[in-house]
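Q:
Residue numbers (mature numbering (1 follows the signal peptide of the UniProt record, and there is no 0)): -31 to -1, 1 to 488.
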């Protein structure tokens, strides 16, 4: 009898331990969720959308011929009331009347939608190449449709296959075991407001939301009313991650080498207290840091200034700064930028505030993927006097050269410039073989893709330029840079499988290859 009791006790103990282990395992597969509800202020005031705009990490792709709008409309799904929708006013594709949604592997995409008519319509889910990977049914009554994405980290595109569809909410749920690059809200905002249209939540119980500031191992949390960013920087060591929770204000900081910044709850760092040319928001002179999921705004100079190397930026937005949003200079090399946005940066004269500047003796190996520069007072990207080739993949530079009444150069991708800034050395050309693939330049005040005296062999592959005011592609064979004072014959660029629409081109200094359209 005693043996039986002991045996039963042992079995019960094993059951309890196994149950506890299973509960722990279940708790560890909690999901992070990012959602965009079109009733929120950052969306509902957009009205008619006739050009591409990014709000809180969600990109609404529109053109003058493929518009869409955010409008008041009531619907209730599973007890939840929705009051505004994004109205896709007709058939779209990935280049117009589409929603570009950031996703990571094993994400579940949930869309609340309905047909704008009495018949059922189809919402296409496409990958970055524009290939259909799934569809969702939009009936005349609103419902939630779901799709599980298993591809690589990146974007999917949502657009109507056949006429109007209204979208009330988009949500991306990601298992905690997936890559973190897209698991949190990007924090970007086209309005610069600290309020946001996206929300981010996590089922993890590892952090304590009841505390306004905390230091746990190698993590320091910075939150309004708690530990300041300046204090966190002083405490941080290599390997420390500073978590920005919500919106915080800060003076200018220098990030130590190997210290990381990560945001949650629509993280924003407001540098409006800075002033003068020393008022750069974040300066990075060291190596090996990562900044992700945070908005940097209102700095008196650059939003982020980088002279270090091997740093990584994911889902970072810079906006409303008084100089370039991001600037890499003075030897900064092998820095990687993924899914970053830079918009509405403007200096008083419109001469310096680019979206992204990789210039003034920047080093080699700097890389941009899925990044967007829009509505900056000077250029989208400026590579003036760079000392290393830059690679761009699937990046966009749109509507640069004018911002809030300030006008600048206004090139989308400005890819050269005579180096007349090296001390003790005469002005000279520095040939660089920049490479651009899948990039777009639309509606810039000057040219979309601009040589700007670049003497290297620049390759543009599968690129698209539309309605740029001066030229879509500006690649003259010869020029007389004022800093040199004599005529130069430049290296020939390569334009391969590219498109030019609604604009002029000057391409005697380029070779067309493959299937080029509009030249």
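Glycine included, each C-beta is placed from N, C-alpha and C at the ideal position.
Using only the alpha-carbon positions, how far apart do residue 248 and residue 61 sit?
A: Distance between the alpha carbons of residue 248 and residue 61 is about 43 Å.
Q: With 16 as the cutoff for other CB atoms within 10 Å, does residue 76 come out buried or exposed?
A: Buried: at least 16 other Cβ atoms inside 10 Å.
Q: On the three-state DSSP scale, how would you describe residue 12?
A: Correct three-state label for residue 12: helix.
Q: Let me know the secondary structure DSSP gives residue 409 once reduced to three states.
A: The answer is strand: DSSP assigns residue 409 an E or B state.
Q: Extract the residue ranges of the alpha helix (DSSP H) inside the region 442 to 486, only unbroken runs of 4 or more that lie entirely within it.
A: If we require 4 residues or more, the region 442 to 486 turns out to have no alpha helix (DSSP H) run fully inside it.
Q: On a CA-only basis, which of 474, 331, 307 is nearest residue 401? Give me that one, please.
A: Measuring from the Cα of residue 401, the nearest candidate turns out to be 331.
Q: In terms of residues, what are the limits of the beta strand (DSSP E) holding residue 497?
A: Residue 497 lies beyond the range of the chain shown here (-31 to 488); nothing can be said about it.
Q: Identify the continuous beta strand (DSSP E) that holds residue 313 and give its terminal residues.
A: No beta strand (DSSP E) holds residue 313; DSSP gives it neither H nor E.
Q: Can you say whether residue 486 is buried or exposed, counting buried as having 16 or more other CB atoms within 10 angstroms of its CB?
A: Exposed: under 16 other Cβ atoms inside 10 Å.
Q: Taking the beta carbon of residue 58 as the centre, do at least 16 other beta carbons fall within 10 Å, making it buried, or is it exposed?
A: With 16 or more Cβ atoms within 10 Å of its Cβ, residue 58 is classed as buried.
Q: To the nearest angstrom, report how far apart residue 201 and residue 189 are at their CA atoms.
A: Between residue 201 and residue 189, the C-alpha separation is close to 7 Å.
Q: Does DSSP classify residue 39 as helix, strand or coil?
A: If DSSP states are grouped into helix, strand and coil, residue 39 belongs with the strands.
Q: Does DSSP put residue 83 in a helix, in a strand, or in coil?
A: It is a strand residue.
Q: CB residue 227 to CB residue 250, shorter than 8 Å?
A: For residue 227 and residue 250, no; Cβs fall outside 8 Å.
Q: Please confirm whether residue 3 and residue 141 have their CB atoms less than 8 Å apart.
A: Their beta carbons are under 8 Å apart, which means residue 3 touches residue 141 by this criterion.
Q: Might you give, ordered along the chain, the residues of its own chain that have their beta carbon closer than 6 Å to the beta carbon of residue 397, omitting 5 neighbours on each side?
A: Closer than 6 Å at the Cβ level, and outside the excluded window around residue 397, lie 388.
Q: What residues match up with residue 237 in a beta bridge as DSSP calls it?
A: Its beta-bridge partners are 216, 264.
Q: One question on the structure: do residue 117 and residue 104 come within less than 8 Å of each other, judged by their Cβ atoms?
A: For residue 117 and residue 104, no; Cβs fall outside 8 Å.
Q: Could you tell me which residues DSSP puts in a beta bridge with residue 343?
A: Looking at the DSSP assignment, residue 343 forms a beta bridge with 312, 367.
Q: Taking the alpha-carbon positions, what's the residue 211 to residue 256 distance?
A: Residue 211 and residue 256: Cα-Cα distance of roughly 16 Å.
Q: If I follow the unbroken beta strand (DSSP E) through residue 435, where does it start and stop?
A: Taken as a continuous stretch (DSSP letters only), the beta strand (DSSP E) holding residue 435 covers 433 to 435.
Q: If I measure Cβ to Cβ from residue 8 and keep anything under 6 Å in the same chain, skipping five residues before and after, which residues do I get?
A: Counting only Cβ-Cβ distances below 6 Å, and skipping sequence neighbours, we find 52, 53.
Q: Compute the minimum distance between the beta carbon of residue 216 and the heavy atoms of the ligand HEM, and state whether it is under 7 Å.
A: No copy of the ligand HEM occurs in the structure displayed, which carries no ligand at all.
Q: In whole angstroms, what is the alpha-carbon distance linking residue 172 and residue 79?
A: Bear in mind that a pLDDT of 34 at residue 172, under 50, signals an unreliable position, so the number given afterwards is only what the model happens to contain. Between residue 172 and residue 79, the C-alpha separation is close to 17 Å.
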